[in-house]
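Note sheet for the following structure.
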Amino acid sequence: MVALCIATAGVLAVGGANAQQAKYPAGGPKLPQWSVLPDWSGLWERGGDIVWDDRIPFKAGEPELPPYNADYLKEYMARRAEQRADALAGRPRTFRGAGLYGSMPAMMIMLFPMDIQINRHEVVIMTANGGAREIYTDGRVHPADALPSSRGHSIGHWEGKTLVVDTCCFRADTRLPGGGAHSDQMHVTERFWSPDGHALKDAITVEDPKAFTKPWTTEKTYYRRPDWEQVEYDGEENTRDFGKPSPDGEAAFGPPPKAEGAASPAPTPVAAAAPKPPKPPGKPATTEGLQKATALAVGNLAWETVVVAELKRDSDKVTWNGVTRSVTWHCTAAPDGTKAYCEQPPAPPGAAGPPGARPTMATASEPAPARPAGPPALVKNTVTVGGQDRDYYYFVPPKADRAGFNQVVYALHDNGQTAQQFAQASGWMKVAADNGFVVVFPETVQKDWGPSAGGEDDYLAAVLAHAGTHMLIPAPPGGGPGGPRAGGGGGEGAAEGDAGRRGGPPRIRTWAPFQYLTGVGAGATLAQAFAMNHPGLYAAVATVDGVANDAAYAKGEQPADGAYLHIWPDKALVPIWKQQKKDVPVAIWLFTHGAPTAAETRQADYWKRADRVAAAAATNSAGGYETAVFPARDNPSQQVRTTTLPASAPVDARLAGTIWNDLFARVARWTSSPNGDLGRLMTHAEVDKAFEVKSIAVGDRTYTYYVKTPPSYSKGQKLPVVLSAHGFAFPAWMYLSQIKLHEVGDKEGFITVYLQGQRDAWTFEDPDGPDQQYILKVIAAVEADYGADPGRIYMQGFSFGSGLTYMMGLTHPELFAGVSPNSGIGPMPKDVETRIAQIKAKSDARTPMLLLYGDADRGGSVDGEIPSQGILRGAIDEMKTYNHIATADGAKPFHSPTGPGYDILVPGGKLVSDAVDARYPQGRFKIYQYSSADPTPRNLFNFVWVRDLTHGGDPRQAQLEWDYFKHWRRNADGSLSYVPN
């Protein structure tokens, strides 16, 4: 017998095959105490999208790329182009679902749930598709000659109940999320913590000096699933060779059917042997089934989430668009979802972009095909309710805001009609086209709403939830840029936001404050019943000839469900201010043909009580209709209107236009309480008239800002200035109606400046970036134009604007006498941190700061407590350090009524309660005042914890901020002065 010696590709380290010698520092293993270890054992499910950073808004055609250098970016683009060429040419492609998501860092995106087990030696993370990842916590260090692997070598240590992990020693042949390459010098650091016992956070930083220009970061969230158990995943089950025959003998790959009347074949498709239908043959495929069919047909398999749009069902086929971050696929299948194929149109000449442009995925994919000229059409979407697919339609006008939030009207037709018929006859499409808002038309089954209005409640709730994330902006005629924007901002940002050219149209953005409901006849009955059962979901309701049934009135005695939980559904909060449904105000307009019946009078009386309106009405003419208006004394937006129409009056565009212009366009339900608060919304035209609208250029960008001087202002007066930065997708003209900072300015005597970002967003990666230059130019312009006091310049910002405000206060302490970031804060990018360090090295810079955050916002725990660890705690610590505050914060165990206990923060600052009223007798604002460790301590930081507040602002917030700002002045030498009164 001849002995063969076979050389293996790897090297067997000391300790035997598949093992290597552990390396400990002197003294051997050092184990943590059992008391330190948190209870994270069990199954956890990924929250959010299967992408690297799901905090970045979904934009079709714009994948998330690592910060590659030129060489690695070139390789990435070439690889994607090769994949696309293979797909269009029909070359076979085999894909295994386990490979990518079994390596680091993609493993932590969690294609499948993960099982965590913790002991003193290690933390083990197991997934069904990726094996086990061991994080050693016994004090060992990385081996000097570690064997490279797909998951790397991980060591960790505990900082309290935060796990800090360092991972090295990767093979260079695995892929990053999105399919990009990395080098053998990739290094990953992580911080795991649980803010509330129900969620687990993983802040990930990936560095690669060979491949990246800067670190690549994200933060993933996982949710505890105590009643789940893992099942086996077999990677071979999801292996598909798209060039081989399918089991039934038909070729899985083949040309698509020739379009009727077409002279040449359609572009070559990418096809897949469709998965076995989850339902019996012949039953229509669900939206979920079509998502899976798209993923298989394009070899996607969870690399990117697929959104099904423009779904159409015929007797012999179903067609849809499968929209991902990279591209739009045009797909066709049998009615039950089998025999699916998807195709892309060929890329047009010049798709690579202008010379010198940085390559993006737009260079490797292609725009959506040009749509035929003509008015925008209704689009059909499908939701699954109770196991049944139900359709609804929506209309996006050319004037829709392509970057910011859009107001949305939900319009319900009468029995005997279809949604499409009502959309045309009611005039709502025309009014929407003229005014730039979006309309959703729910659809009946067989032209009749359910036998009782309550039977349709789940369907309307499903439509509301689905439409908020599944309405797409159609490509304009000819495939070029769209019509004018409703949101303002201008400049090149508007053109970028309009594109339907990056692989498919982007989604319409909506938000809870800007939703409205209307209905006619049976649709009015349904609308009234739904509004009574869910009064915190719509700002205003207008109905014609319809009242709720008796069962709806009984629901008024139930506790209101806390509409803010629709924004963060994973919360388990019990609001301090508890309302019954019958006590939640809704702006109401009731139309009747002829004198109101007893039932219609009863309906009006219900809402008059809920809105707490005056007994006497003011009569006016709205759109030519004589109308009685019952306003609430302390809030005119809380109102009930009644209008008697002539018997022959049609339900048409005139009526729809009146409802829109006189009510819907002027009211919002601000997210400032558990069920929202009705408030005035100035229209864009009113804002342009009430404010001085100015523009300023930064390079090739043009920015807009809005200025309001107080009534007491006279030229030459050196007044203070407060700058205000809106949130993401929340344009300044809308935001100012919520914050009402200018109203405080009118009373207190300061100049208010509302800043407008490009595409309704801000960037703060670069302390010298265009947005930062814009703000500096605005300050100089306001000082020059209005003689503003340069020593009293302040800034506040909301959400995304909070991050900008925070960055400006830290990097330009010489300009600002105080800043207030609110409802959003996060770690600053490395370039900003470097700038801060440079500033602090030169001088003892300080900036007075007021940080405001709501307990029901994302950063709060599931029970509305202040987490002891995480981004919010990090921001508090950073602000304290910046301002030389030595006051320590503590932590204590919290016994959650909804699950395992966890630690919460005990702020060390002096507690002062404010905003006391009947709803909050102990005060809504919990203000923790921190003073600096100076010979004369100064209150340089206030942390304000607001009870019952989700992502929004209390109406008293602007006054609170000014009351803090007004005590501070920045002197010419950069020092601060405190003015007691």
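Those letters in the sequence shown? Residues 60 to 1040, per our numbering, in order.
Just so you know, even glycine gets a beta-carbon here, dropped at the ideal spot from N, CA and C.
For residue i, the first and last residue of its enclosing beta strand (DSSP E)
i	result
Ile852	Ile852 to Phe857
Asp916	No beta strand (DSSP E) contains Asp916, which DSSP labels as neither H nor E.
Val498	Val497 to Pro501
Gly738	Asp736 to Arg739
Tyr764	Arg760 to Lys767
Phe823	Note, Phe823: premise wrong, no beta strand (DSSP E); not H, not E.
Asp450	Gln447 to Phe454
Val522	Where Val522 is concerned, there is no enclosing beta strand (DSSP E), although the alpha helix (DSSP H) it sits in stretches over Asp516 to His529.
Ser972	Lys969 to Asp973
Close-in-space but distant-in-sequence residues of the same chain around residue i (CB under 6 angstroms, 5 per side omitted)
i	result
Tyr481	Looking at the sequence provided, one finds Phe at residue 481 rather than Tyr. Counting only Cβ-Cβ distances below 6 angstroms, and skipping sequence neighbours, we find His472.
Glu515	Trp508, Gly509 and Leu585
Leu580	Rather than Leu, the amino acid found at residue 580 in this sequence is Gly. Hits under 6 angstroms: Asp473, Asp604 and Gly605.
Phe823	Gly862, Leu863 and Met866
Ala599	Tyr575, Ala646, Leu722, Phe723 and Val726
Ala368	Asn380, Val382 and Leu531
Gly463	Gly546, Ala788, Pro790 and Asp819
Asp743	The residue asked about is misnamed: residue 743 is His in this sequence, not Asp. Once the five neighbours on either side are set aside, the close Cβ partners of His743 are Trp792.
Span of the alpha helix (DSSP H) around residue i
i	result
Arg668	Ala657 to Asp670
Thr717	Ala712 to Asp721
Asp936	Ile930 to Tyr941
Val490	Trp487 to Asn494
Thr584	Ala581 to Asn592
Val891	Lys889 to Lys901
Phe481	Ala478 to Ala484
Phe1024	Gln1016 to Phe1024
Residue from the options with nearest C-alpha to residue i
i	options	result
Phe875	Leu911, Asn881 and Ile834	Ile834
Arg668	Thr678, Gln639, Thr656 and Asn679	Gln639
Pro1039	Ile810, Gly933 and Lys1025	Lys1025
Gln1125	Val365, Glu937 and Ala344	The displayed coordinates of the chain run from 60 to 1040. Any statement about residue 1125 would go beyond what the structure contains.
Leu737	Leu596, Thr678 and Val290	Leu596
His257	Met245, Glu937, Ala681 and Arg284	Arg284
Ala760	Gln697, Pro829 and Ser707	It should be noted that the sequence gives Arg, not Ala, for residue 760. When only C-alpha atoms are compared, the closest one is Pro829.
Pro88	Asp130, Thr196 and Asp825	Thr196
Ile263	Leu1019, Arg250, Gly967 and Val672	Arg250
Ser1073	Asp962, Pro966, Leu964 and Arg983	In this structure the chain extends from 60 to 1040, so residue 1073 is not present and cannot be described.
Trp99	Gln466, Glu181 and Gln476	Glu181
Gly949	Gly967, Lys939 and Thr577	Gly967
Tyr612	Val837, Met488 and Ala588	Ala588
Ser858	Thr1009, Leu370, Thr353 and Ala203	Thr1009
Cβ-based neighbour list, residue i, same chain, cut-off 7 angstroms, excluding 5 preceding and 5 following
i	result
Pro340	Any reading at Pro340 must be qualified, since the residue scores a pLDDT of 49, below 50, and its modelled position is unreliable; no value is offered.
Pro316	With a pLDDT of only 34 at Pro316, under 50, the local geometry of the prediction cannot be trusted, and no value is derived from it.
Pro112	The residue you asked about is not Pro; residue 112 is Asp in the sequence shown. Closer than 7 angstroms at the Cβ level, and outside the excluded window around Asp112, lie Glu123 and Thr277.
Val522	Val442, Tyr451, Val499 and Pro501
Pro273	Residue identity check: residue 273 is Lys in the sequence provided, not Pro. Result list for Lys273: Pro126 and Lys889, in chain order.
Gln244	Asp267, Pro268 and Lys269
Neighbourhood of residue i by C-beta distance below 8 angstroms, restricted to the same chain and skipping five residues each side
i	result
Val200	Lys82, Tyr83, Pro84 and Ile214
Asp1022	none
Asp993	His943
Arg713	Gly486, Gly682 and Gly683
Pro695	Arg739
Val61	At Val61 the pLDDT is 32, less than 50, meaning the model places this residue with poor confidence; the figure from the coordinates comes in the next sentence. Correct list: empty, nothing qualifies.
Strand pairing of residue i, partner residues [DSSP]
i	result
Tyr845	Paired residue(s): none; Tyr845 is not in a bridge.
Tyr195	Glu181 and Ile214
Gly877	Tyr853
Ala368	Asn380
Gln574	Val467
Ala392	Val377
Gly87	In the DSSP output, where bridge partners are listed per residue, Gly87 has none listed.
Val726	Arg739
Gln176	Val183
**OP:** Please specify which runs of the beta strand (DSSP E), each continuous and at least 3 residues long, are wholly inside the segment 213-286, giving them in chain order.
**Re:** 221-227, 246-252, 258-266 and 275-283
Original post:
What runs of the alpha helix (DSSP H), each 4 residues or longer, lie entirely inside the segment 595-652?
Top reply: 609-614
**OP:** Can you check the segment 676-716 for any beta strand (DSSP E) of at least 3 residues that lies completely inside it and give the ranges in chain order?
**Re:** 677-681, 684-690 and 698-704
Original post:
Which full runs of the beta strand (DSSP E) of 3+ residues lie inside the segment 746-821, going along the chain?
Top reply: 751-757, 760-767, 780-784 and 810-815, all fully within the segment 746-821.
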